[in-house]
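Undergrad: Residue numbers (our numbering): 897 to 1035.
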Amino acid sequence: MILDLSEQDSEAFDEILSILKCHPEIETYELAREPMLSLPGLEIYPSKRKVFRDRQEIQLTTKEYEILLLLASNKGHVLTYNQIYEKVWGDCPSGSESNTIGFHICNLREKLYQAAPNAPFTIRSVREVGYCFEIQAEK
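#1: Tell me where the beta strand (DSSP E) around Arg1020 begins and ends.
#2: Helix or strand or just coil, what does DSSP make of Leu899?
#3: What do you reckon, is the C-beta of Ala1011 under 8 Å from a heavy atom of the ligand MN?
#4: Do the region 984 to 1003 and the region 938 to 948 make contact, defined as three or more Cβ pairs closer than 8 Å?
#5: Shortest alpha-carbon distance to Pro942 belongs to which of Cys918, Ser992 and Ser969?
#6: Taking Glu953 as the reference, which of Tyr1027, Glu1024, Ser990 and Ala1012 has the closest Cα?
#7: Tell me the DSSP secondary structure of Ser934 in three-state form.
#8: Would you say Lys971 and Glu1030 are within 9 Å of each other, going by their C-beta atoms?
#9: What is the DSSP secondary structure of Lys1035, reduced to helix, strand or coil?
#10: Measure the C-alpha to C-alpha separation of Pro917 and Pro936 and round it to an integer number of angstroms.
#11: Taking the alpha-carbon positions, what's the Pro989 to Ile940 distance?
#12: Given this structure, state the Cα-to-Cα distance separating Cys1028 from Leu966, to the nearest angstrom.
#13: Pick from Leu975, Arg951, Thr976 and Ile980: whose alpha carbon is nearest that of Lys959?
#14: Out of Ala1033, Cys1002, Val1025 and Gly1026, state which residue places its alpha-carbon closest to the alpha-carbon of Phe1017.
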């Protein structure tokens, strides 16, 4: 159903607002804005665990989402395999974490690329160290 607001509806709303202003004893509440991590070409909503590109949701697995949130929250900084593994899996690294993380990063990159082939961001591999979420400079 689509609501069609007419001028009368707008006038009625303005009238309600003026009544509220005249009666300060009536409590009004501000809607809390949902926290969001906004990056060029990407919006991450931690409370909903959702990622959007141009208002289209990008479907990610739990681990893909957690890796993306971690990397994007630390954009421009290289996170080691151990750091990523400890934060996302909540466990001590056992030695094969680079393969595990690499698998999820590969899938994450593919999904992000499908949603935004020309996105101004990238997940850069730092050989034998970890990964870095980078925003590309505007040209």
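Every residue gets a Cβ at the ideal spot worked out from N, C-alpha and C, and that includes glycine.
These numbers were taken from a predicted model, which means no experiment stands behind them.
TA: Looking at the atomic coordinates:
#1: Phe1017 to Val1022
#2: A caution first: Leu899 carries a pLDDT of 49, below 50, which makes its placement in the model unreliable, though a value can still be read off. Reduced to three states, the DSSP call for Leu899 is coil.
#3: The ligand MN is not part of this structure, which contains no ligands at all.
#4: no
#5: Ser969
#6: Ala1012
#7: strand
#8: yes
#9: With a pLDDT of only 48 at Lys1035, under 50, the local geometry of the prediction cannot be trusted, and no value is derived from it.
#10: The residue asked about is misnamed: residue 917 is Lys in this sequence, not Pro. Looking at the two C-alpha atoms, the distance is approximately 39 Å.
#11: 27 Å
#12: 10 Å
#13: Ile980
#14: Ala1033
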